[in-house]
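**Student:**
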Amino acid sequence: MYAIHRNIFEQMKYLKITRNSIKHSSVKNKNYVIYGSPTGIGFNIAKKLALNGAKITFISKDVYSFFNVFYAAEKINTIAKKNICQGVTCNVSSESEIKDALKEAEDEYGNIHGVVVGTEDFYPKNTFKNYEKEINDFSNIKVDKHYLFGKTCLKKMNDQTMKGHMIIISPPLEIINKEDYWKSHYFYTLSKINKTLMTKSLGIKFKNIAVNSLWPSHINSLISQKYSEEINYDKLGEAALILFEKNPEYCHGNHFLDKDLITS
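Following this note's numbering, the numbering of the sequence shown begins with 96 at its first residue and continues without gaps.
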């Protein structure tokens, strides 16, 4: 009996070691699309994917910022030491342009296995200081156009008749009652909570494609570091990798905090 218990203990110790040290091999050579800002959240998720052998396409409308999709792709390729990332521009108010952008991703790297939506950086500006353009941006681009992009991606992946994942960067609904920092940021909060509802809406159509939301558990510290270069999204990137590895049939319509995935 002692020998059996010792054997089990040794196996558990081995599993613990390998779980902490093993790479995310199941994303290797798979194709992932990241839509939104190629900085911060989007860049960190792309970096985690690239270091584990995945291929990535950044999609965004913005080409005028210094850190645009082309610059981000170049940096990812430098980190990975090979060309596994590209940038594609797209007007997300046009379904035909979205389809063209997804075709570019498919033509370059094959079938699309996963999509990340809503990687724009945190913008917790006080509601009473929002300009009209910012209000329109939150209520239009970050809601309507994200939904159009997400819906088009799901159709594309379903046409490939394969399993896949969509991760939407948005908070669990219950966070509204647990935290106070939302109160001064109405329009930003509105755009994010709409994406949380979008997780449920987009997830009912295709059962072979899991749609889940993911949110950083340390958002208070992120908000306090809004204008600092020291913002760390490592946990969110790691959690995204874990989520991409789950079986879509059994991980569907959930609202995760990054820490819950990492410690589960």
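Cβ atoms here follow ideal geometry from the backbone N, Cα and C, with glycine treated the same way.
Mapping DSSP to helix, strand and coil, what is Y130?
**Tutor:** Y130: strand per DSSP, three-state reduction.
**Student:** Reducing DSSP to helix, strand and coil, say where V187 ends up.
**Tutor:** Coil, per DSSP.
**Student:** What is the rounded straight-line gap between the Cα of T358 and the Cα of A334?
**Tutor:** Looking at the two C-alpha atoms, the distance is approximately 10 angstroms.
**Student:** Please tell me whether L197 has its Cβ less than 9 angstroms away from any Cβ of chain C.
**Tutor:** Note that chain C does not occur in the displayed structure, where there is just one protein chain.
**Student:** So what does Q181 bridge to, in DSSP terms?
**Tutor:** According to DSSP, Q181 bridges with T152.
**Student:** Which residues in the same chain as N186 place their Cβ atom closer than 8 angstroms to its Cβ, once the five residues preceding and following it in sequence are excluded?
**Tutor:** Cβ within range, chain order: K156, E192.
**Student:** Cα separation between D239 and N126?
**Tutor:** The alpha-carbon atoms of D239 and N126 are separated by roughly 25 angstroms.
**Student:** Can you give the Cα-Cα distance for V164 and K143, rounded to whole angstroms?
**Tutor:** Spanning the two alpha carbons is a distance of roughly 17 angstroms.
**Student:** Starting from L352 and walking both ways along the beta strand (DSSP E), at which residues does that stretch end?
**Tutor:** 350-352 is the span of the beta strand (DSSP E), which, as asked, contains L352.
**Student:** Exposed or buried, I117, counting other C-beta atoms within 10 Å across all chains shown (16 or more means buried)?
**Tutor:** Because I117 sits at a pLDDT of 40, beneath the cut-off of 50, its placement in the model cannot be relied upon, and the following sentence gives the value as read from the coordinates. By the neighbour-count rule (16 or more Cβ atoms within 10 Å), I117 is not buried but exposed.
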